[in-house]
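J.:
Protein chains: 2
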Amino acid sequence: MEAISILRPDDLEAVHERAMTILEEIGTDVRHEEALRILREQGQDVDGERVRWDREFVMEMVASAPASFTLEPRNPDRAVVIGGGKPVLAPVGGSPFCSDLERGRRNGGIADHVELVKMAHAAPLMTCLQSGTVEANDLSEHSRHLEMDYSILRWSDKPYVCYGTSGEKARDAVELAAIACGGRERIERTPAIMGVVNPNSPLVWDFLMVDALIEWAQAAQPVIVTPFLLAGATAPVSVAGGLALQVAEALTGVALVQLIRRGAPALFGSFFTAVDMRTGGPAFGTPESVVGTLAGGQLARRYHLPYRGGGGLCSSNALDAQAAAETMNTLWATMLAPSDFVLHAAGWLEGGLTASYEKLALDLEVLRMFEVLERGVSLGEEDFALDAIRGEGPGGMFLAADHTLAHFRDWVFMSPLFRSQSYVTWEKQGSLTTDRAATAEWKRLLEAWEDPGMDESLDAELREHIERRTAELDAE
Amino acid sequence: MEAISILRPDDLEAVHERAMTILEEIGTDVRHEEALRILREQGQDVDGERVRWDREFVMEMVASAPASFTLEPRNPDRAVVIGGGKPVLAPVGGSPFCSDLERGRRNGGIADHVELVKMAHAAPLMTCLQSGTVEANDLSEHSRHLEMDYSILRWSDKPYVCYGTSGEKARDAVELAAIACGGRERIERTPAIMGVVNPNSPLVWDFLMVDALIEWAQAAQPVIVTPFLLAGATAPVSVAGGLALQVAEALTGVALVQLIRRGAPALFGSFFTAVDMRTGGPAFGTPESVVGTLAGGQLARRYHLPYRGGGGLCSSNALDAQAAAETMNTLWATMLAPSDFVLHAAGWLEGGLTASYEKLALDLEVLRMFEVLERGVSLGEEDFALDAIRGEGPGGMFLAADHTLAHFRDWVFMSPLFRSQSYVTWEKQGSLTTDRAATAEWKRLLEAWEDPGMDESLDAELREHIERRTAELDAE
Chain A
149 MEAISILRPD
159 DLEAVHERAM
169 TILEEIGTDV
179 RHEEALRILR
189 EQGQDVDGER
199 VRWDREFVME
209 MVASAPASFT
219 LEPRNPDRAV
229 VIGGGKPVLA
239 PVGGSPFCSD
249 LERGRRNGGI
259 ADHVELVKMA
269 HAAPLMTCLQ
279 SGTVEANDLS
289 EHSRHLEMDY
299 SILRWSDKPY
309 VCYGTSGEKA
319 RDAVELAAIA
329 CGGRERIERT
339 PAIMGVVNPN
349 SPLVWDFLMV
359 DALIEWAQAA
369 QPVIVTPFLL
379 AGATAPVSVA
389 GGLALQVAEA
399 LTGVALVQLI
409 RRGAPALFGS
419 FFTAVDMRTG
429 GPAFGTPESV
439 VGTLAGGQLA
449 RRYHLPYRGG
459 GGLCSSNALD
469 AQAAAETMNT
479 LWATMLAPSD
489 FVLHAAGWLE
499 GGLTASYEKL
509 ALDLEVLRMF
519 EVLERGVSLG
529 EEDFALDAIR
539 GEGPGGMFLA
549 ADHTLAHFRD
559 WVFMSPLFRS
569 QSYVTWEKQG
579 SLTTDRAATA
589 EWKRLLEAWE
599 DPGMDESLDA
609 ELREHIERRT
619 AELDAE
Chain B
149 MEAISILRPD
159 DLEAVHERAM
169 TILEEIGTDV
179 RHEEALRILR
189 EQGQDVDGER
199 VRWDREFVME
209 MVASAPASFT
219 LEPRNPDRAV
229 VIGGGKPVLA
239 PVGGSPFCSD
249 LERGRRNGGI
259 ADHVELVKMA
269 HAAPLMTCLQ
279 SGTVEANDLS
289 EHSRHLEMDY
299 SILRWSDKPY
309 VCYGTSGEKA
319 RDAVELAAIA
329 CGGRERIERT
339 PAIMGVVNPN
349 SPLVWDFLMV
359 DALIEWAQAA
369 QPVIVTPFLL
379 AGATAPVSVA
389 GGLALQVAEA
399 LTGVALVQLI
409 RRGAPALFGS
419 FFTAVDMRTG
429 GPAFGTPESV
439 VGTLAGGQLA
449 RRYHLPYRGG
459 GGLCSSNALD
469 AQAAAETMNT
479 LWATMLAPSD
489 FVLHAAGWLE
499 GGLTASYEKL
509 ALDLEVLRMF
519 EVLERGVSLG
529 EEDFALDAIR
539 GEGPGGMFLA
549 ADHTLAHFRD
559 WVFMSPLFRS
569 QSYVTWEKQG
579 SLTTDRAATA
589 EWKRLLEAWE
599 DPGMDESLDA
609 ELREHIERRT
619 AELDAE
């Protein structure tokens, strides 16, 4: 599939111009002394916390970030390229709750986190994981980030987005990854994890986020700079205003990364949608979110930055037609943008408040379809099947044709979850709806998980480090 | 949104070449004496029922069909342009069953047909109707087509796809439309209705379909030529083979129209998908159907023919996540192709066997989103909202900003069906899933219907004609 241009070249420049005006005239607040000191040194206009940015400076910083990079976990065979033309997908994260149709909706715990890690590890399409897929609420809030990161390191060997809502937690994540992946020098050479930073939109870089950004940038671990702009709440009630803020916030985040370590990878992230004016909640899967995701992709390309956008996002509280329609809107936009990195690609329900096991299975199903679409159409002579058409002739039937029997297993997409079944048969078999069918599917996935294994001494080193840090953190 | 090219220019020519080879070397069966006589006269190679077509002849015929045309019903204000850059949408049709969540799934009757006509009439996005939206099984099968067409003529004043599964029924449809729309001369000048013909894939033009095609072509009413190609059943188990047959069948249908009346409108129709090899049923909303719909649009443009493709198609038997995901896949492909005319855009369930009232409401909801997407992004100064951003400044909140209050009603898409609601509130209000919410929505639509009115003498003329024809047909 090709990229969609929803903005014309002139439109792109109009957004860029407004973003530069915002940076120069309004500026951003930066609530971090060290960052302010560096910005002052670099000749930016710093007035208290307010920074008015020089556009040439911002663009020079942005230009020093790479357009693509490799992320290499402890198993080098699992390395992925972000910005390499194929979207790298990661599951939902940041959800306080999780749910499945057998055990119901519940507060997330570390056992749930481990299950979700195992399912994402077992799913070939999830080439990246995310710590905090569900929050481990049963562990101390001071130290649980260590256990969530560890559960990925131990039960998977794929790269991941680490936990990191403060500088200290970001540093812990880097230390764990360094231990597991061959040392600090090795991960500084080729990064192993990524971190997410969200400015407080509009236009505020708060202390905790900047502190985390600095830790990751110092270690050369990629930073996913993602403004969470909600038209009508954290942004004006227009797509245009949101895009201008999006550029202003994302580019200053990328510039901060470059200020700390020139050449460190950073992603242009988009998480734009509109607020539901009836409830004040974010409305996912709306036309605004589609347009925001598509425009974000064009803007990221304009700045030669890898793009994080979209996902399998929905507002619905149930695994119903709304959830699927919203998710399909956001996933189509994601693929058409196209996104280089997709966070929350599978398992997202209730505006992200719940990591749903069945939704994970359903999303994997449609992601498999997008994978087939990515491959495009094959037009070789065997595909055209003129001999088969000649053989059957007018009025023929290809169901039992040699050509069909030779190829149907490889050539036709067959979904375990989505079936074409006669109504009568379906009714006789219990009128199974897809949400219920997805329960068997996530169980199959969990059973399919294979332990990637870990050297005992490495595991011991990780455990020792975690226990020492946990004791320190919980004593504070 | 712009058109997607899934086939490269070379690919398009490869499909064309294979289609021409099929026509010249294999040919089609044409089971209609009069058509065979004309084809023989035109120098085609006719051997019994088998016709081997000359490619120059076919392409010359195709070139005489218009790339766009106007369809004008009895109310000229309801005229639509097919091929004018904006998709014309029509509801589901051909379903033996209908269903709603209150009255359940049932055999369709004329009362259901009337309700579905009224809902489609009341929906601004449905700019065209379809006779036989549900089959009126409670009426005589010989004459019910007259009552179904009449129910559109009387309770709507929009253009429509008429009923017509034989020459005689097609002629009845033309006669009714002529009475209602100012006479045969007027509808020959500007057509009022369209007819659908499906070859018996692969490569058979049977008597009934050709007979219907001839009636519509003689009256210059547009013919929608739509091969129903199922990879693995009526077509080889490959997209490429299906596309080659698609072109061969569609172009010979268009050529037949032109042979009867040069310049009469005809559409290049696509209805390609794969069979579910586990059940033998058609699987809608699969990657194959997406690719088929997108490629069909490119091929139609290559032949300068208006394109009918896609729709809100799904295989699911329930209003569940599968139904929505499949429908979104087919609708995204429809809009990206883009289709000029979309049959079955709303209300299609169970592979088309059921016209679902709730599905109609759900599909209208997502079609409204596509309408917003079609409008693209507005980038005026008021949209960029720099004054509002300046006013709020870093850390501001736009929820109560003047700019938000001035524009949110017009600028933000608000779906009556899809809401962003907190889980707790949603649960307290009864955990309403979207299928249930859609019941209220179709009722609202039915209540919103306004009688377009009909001159009493015209109505009497139609009724008199229908009663005479019904008596004739039921006596046969």
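Protein chains in written order, with the numbering used here: chain A, 149 to 624; chain B, 149 to 624. Quick reminder that beta carbons are idealized off the backbone N, C-alpha and C, glycines included.
Does the Cβ-Cβ distance between B/F245 and B/L501 come in under 9 Å?
T.: In this structure, B/L501 lies closer than 9 Å to B/F245 by Cβ.
J.: Please return the same chain residues whose Cβ sits closer than 7 Å to the Cβ of A/S563, not counting the five positions on each side in sequence.
T.: Hits under 7 Å: E513.
J.: In this structure, how does DSSP classify A/Q366 when only helix, strand and coil are distinguished?
T.: Helix at A/Q366.
J.: Does the beta carbon of A/P235 come closer than 9 Å to any beta carbon on chain B?
T.: It does not: the Cβ of A/P235 has no partner Cβ on chain B nearer than 9 Å.
J.: Determine, for A/V163, whether the minimum Cβ-Cβ distance to residues of chain B falls below 9 Å.
T.: Judged by the 9 Å Cβ criterion, A/V163 is in contact with chain B.
J.: What residues of chain B sit near A/Y451, judged by a beta carbon separation below 7 Å?
T.: By Cβ distance, chain B contributes nothing, its closest Cβ being about 18 Å from A/Y451, past 7 Å.
J.: Who are the neighbours of B/E498 on chain A, taking C-beta pairs under 7 Å?
T.: Result: Y571.
J.: So for B/R456, helix, strand or coil by DSSP?
T.: Strand at B/R456.
J.: Jot down the residue ranges of each uninterrupted beta strand (DSSP E) in the segment 368-455 of chain A, minimum 3 residues, whole runs only, in chain order.
T.: Fully enclosed beta strand (DSSP E) runs of 3 or longer: 371-373, 414-417, 421-423.
J.: Does the contact criterion of 3 or more C-beta pairs under 8 Å hold for the segment 182-190 of chain B versus the segment 371-391 of chain B?
T.: No, because fewer than three Cβ pairs between the segment 182-190 of chain B and the segment 371-391 of chain B fall closer than 8 Å, the two stretches do not touch.
J.: Return yes when the Cβ of A/L171 is within less than 9 Å of the Cβ of A/Q446, no when it is not.
T.: No, they are not a contact pair.
J.: Among A/G196, A/Q278, A/E204, A/I230, which residue has its Cα nearest to the Cα of A/H164?
T.: The option with the nearest alpha carbon to A/H164 is A/E204.
J.: Compare the C-beta of B/E283 against all C-beta atoms of chain D and say whether one is closer than 9 Å.
T.: Included in the structure are the protein chains A and B, with no chain D among them.
J.: Since A/D177 and A/G191 should fall inside the 8 Å C-beta cutoff, what is the C-beta to C-beta distance between them, to a whole number of angstroms?
T.: Not confirmed; about 19 Å, so no contact.
J.: Return the Cβ separation of B/E336 and B/A367 in integer angstroms, given the expectation that the two are a contact with Cβ distance under 8 Å.
T.: Their Cβ separation, rounded to whole angstroms, is 6 Å, which keeps B/E336 and B/A367 in contact under 8 Å.
J.: When the Cα atoms are used, what is the spatial distance from B/N477 to B/S463?
T.: Rounded to whole angstroms, B/N477 to B/S463 spans 12 Å at the Cα level.
J.: Which residues does DSSP pair with A/Y308 in a beta bridge?
T.: DSSP, once it has assigned bridges, lists A/L277, A/I341 as partnering A/Y308.
J.: Out of A/M207, A/V240, A/I300, state which residue places its alpha-carbon closest to the alpha-carbon of A/N223.
T.: The residue with the shortest Cα to Cα distance from A/N223 is A/I300.
J.: Taking 9 Å as the threshold (beta carbon to beta carbon), is B/W364 in contact with chain A?
T.: By this cut-off, B/W364 is not an interface position.
J.: Please classify A/F546: does DSSP put it in a helix, a strand, or coil?
T.: The answer is coil: DSSP assigns A/F546 none of H, G, I, E or B.
J.: Would you mind listing the beta strand (DSSP E) stretches within the segment 169-225 of chain B that are 3+ residues and don't spill past its ends, in chain order?
T.: Within the segment 169-225 of chain B, the complete beta strand (DSSP E) runs of at least 3 residues are 176-178, 193-195, 198-200, 217-219.
J.: Enumerate, from N- to C-terminal direction, the unbroken alpha helix (DSSP H) stretches of 4 or more residues contained entirely within the segment 237-273 of chain A.
T.: Listed in chain order, they are 258-270.
J.: So, does the segment 273-282 of chain B touch the segment 576-587 of chain B, judging by three or more C-beta pairs under 8 Å?
T.: The segment 273-282 of chain B vs the segment 576-587 of chain B: no contact.
J.: A/A396 to A/R456, Cα distance in whole Å?
T.: Going from the Cα of A/A396 to the Cα of A/R456 covers about 16 Å.
J.: Under 8 Å, CB to CB, which of the residues in the segment 455-482 of chain A have a partner in chain B?
T.: Taking 8 Å as the Cβ-Cβ cut-off against chain B, the residues of the segment 455-482 of chain A that qualify are S463, S464, N465, A466, L467, D468, A469, Q470, A471, A472, A473, E474, T475, M476, N477, W480.
J.: For A/L593 and A/W303, what's the separation of their Cα atoms in angstroms?
T.: Cα to Cα, A/L593 sits roughly 14 Å from A/W303.
J.: Applying a beta-carbon distance threshold of less than 8 Å, which residues of chain A neighbour B/A536?
T.: Correct list: P384, G389.
J.: For B/A392, go through chain A and note every residue whose CB falls closer than 7 Å to its CB, in chain order.
T.: Near B/A392 (Cβ distances below 7 Å), the residues of chain A are F532.
J.: Near B/N465, what residues of its chain come up, given a Cβ to Cβ distance below 6 Å and the 5 sequence neighbours on each side ignored?
T.: The residues are E498.
J.: Would you tell me roughly how many angstroms separate the C-alpha atoms of A/D297 and A/E220, rounded to the nearest one?
T.: The alpha-carbon atoms of A/D297 and A/E220 are separated by roughly 16 Å.
J.: Quick check: the Cα distance between A/R557 and B/A379, rounded to an integer number of angstroms?
T.: Approximately 13 Å between the Cα atoms of the pair.
J.: Please report how far the alpha carbon of B/G241 lies from the alpha carbon of B/F561, in whole angstroms.
T.: Near 29 Å, if we compare the C-alpha coordinates of B/F561 and B/G241.
J.: Taking only the alpha-carbon atoms, compute the straight-line gap between B/Q406 and B/V439 and give it to the nearest angstrom.
T.: Each residue's alpha carbon lies about 29 Å from the other.
J.: Which first and last residues belong to the beta strand (DSSP E) in which A/V229 is found?
T.: 228-230 is the extent of the beta strand (DSSP E) around A/V229.
J.: Kindly say whether A/G524, judged by its beta-carbon, lies nearer than 9 Å to any beta-carbon of chain B.
T.: For A/G524, the answer is yes, since a Cβ of chain B falls inside 9 Å of its Cβ.
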